[in-house]
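Have a look at the structure below before the remarks.
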Amino acid sequence: MGKKPSVALIRQYADRSLAIPEIVKALQSWKVSPALSIEEEQTTAPSTTESSLEARVSTLETLVAQLSAQLEALHKP
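Everything in the sequence shown is counted per the working numbering, starting at 54 for the first residue and increasing by one.
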């Protein structure tokens, strides 16, 4: 993200409620090795291409059409 972590930033992106001691520990560990955490973040980011996204959209459109047909069949007397 390119931002320096803060209590507010950590709380914003946390997937659960965190206590202040947990946040302080995270900030301390980041201060020890900030380059390491940024480097890890960049290497784990998934790379998606336009063609793979188009394939996913096509698959989802087909699935929506099938589900719509099933839903219509359920509503017919």
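Idealized CB from N, CA, C, for every residue including glycine.
{"Item": "Local conformation of Ser19 per DSSP, three classes", "Value": "Since the displayed the chain opens at 54 and closes at 130, residue 19 lies outside it and no answer follows."}
{"Item": "Helix, strand or coil at Ala98 according to DSSP, with G and I counted as helix", "Value": "Low per-residue confidence applies at Ala98: pLDDT is 48, beneath 50, and the placement is therefore not dependable, though the value from the model is reported in the following sentence. Coil, per DSSP."}
{"Item": "Sub-8 Å separation of Ile63 and Ile73 beta-carbons", "Value": "no"}
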